[in-house]
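Numbering (the numbering used here), first residue to last: 42 to 309. Glycine included, C-beta positions come from ideal geometry on N, C-alpha and C. Here's the structure, in structure tokens; my notes come after.
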């Protein structure tokens, strides 16, 4: 027997539909808020690690400059033993700084991409890239800053949480990150970082000057002159048996290496 929906029945039906619609809408809003909260938390962890690396690099850079100046002073005093010690320290600082700087640059790229997440679905495509980069950073930086591993693991977990919040599984991309090669996007980011590092290392950690035998002979001659004396190229040439033109070339190289300062008025 078929029953027609009367006024009361229709009213209840409308009320039921309204209630379902309200609950569904409220659920979407809550999901978006939760996603934003998780994203903000992940970015907070990321920014904290970035600031730590910045401070670490600044400290390495300051020590590198200090050791470089000491190395130059040792060379100026003719103490090649101490100069060699400082040169070794600078080389080690440069090695550590290179790892720190690469990690810093990569994490900054991760931050840029995480800040660009405007829709829930975008994290799915970015997850393998971001997690692959984080894993690469972790492998390198844990040798220098062991405590960074926990922060990076936390960040990787936050990315998984973001994916879980989107209603899609994160297990597959995570496995691919661990066992397969880096994605093309991740490789491109690393290549860009290496290009920047090469220039930055040359600026912050210049190569310690080394002297050729001829440069050493002329430098020792200069060091033997009384304080305030004017270098006579002709006299230096006669004393050392080196042509004047070669003496002048060596003086230019010594100046480029930061061992002496030359003005045309001082050369005769």
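Cα atoms of residue 136 and residue 179: separation of roughly 16 Å, rounded to the nearest angstrom. The closest CA to that of residue 130, considering only 232, 300, 101 and 277, is found on 101. Taken through DSSP and simplified to helix, strand or coil, residue 272 comes out as strand. Counting along the chain, the unbroken alpha helix (DSSP H) around residue 232 starts and ends at 225 to 245. Beyond the five residues adjoining it in sequence on each side, residue 171 comes within less than 6 Å, by CB distance, of 151 and 200 in the same chain, given in chain order.
In this structure, the beta-carbon distance from residue 196 to residue 94 does not fall below 9 Å.
Look at the beta carbons and you see the stretch 114 to 128 not touching the stretch 234 to 242: under three pairs across the two are nearer than 8 Å. Nearest neighbour of residue 226 by Cα position, chosen from 133, 167 and 92, turns out to be 167. Assigned with DSSP and collapsed to three states, residue 120 falls in coil, not helix or strand.
Residue environment for residue 198: exposed (fewer than 16 other C-beta atoms within 10 angstroms of its C-beta). The stretch 251 to 270 makes contact with the stretch 278 to 294, as at least three CB pairs between them are under 8 Å.
Closest in C-alpha terms to residue 133, from the list 268, 271, 247 and 75, comes 247. Boundaries of the alpha helix (DSSP H) harbouring residue 259: 254 to 265, taken from the DSSP string.
Per the coordinates, the alpha-carbon of residue 145 lies some 11 Å from the alpha-carbon of residue 231.
In this structure, the CA atom of residue 265 is about 11 Å from the CA atom of residue 272.
A distance below 6 Å between beta-carbons, with the five flanking residues on each side excluded, links residue 296 to the following residues of its chain, in chain order: 303.
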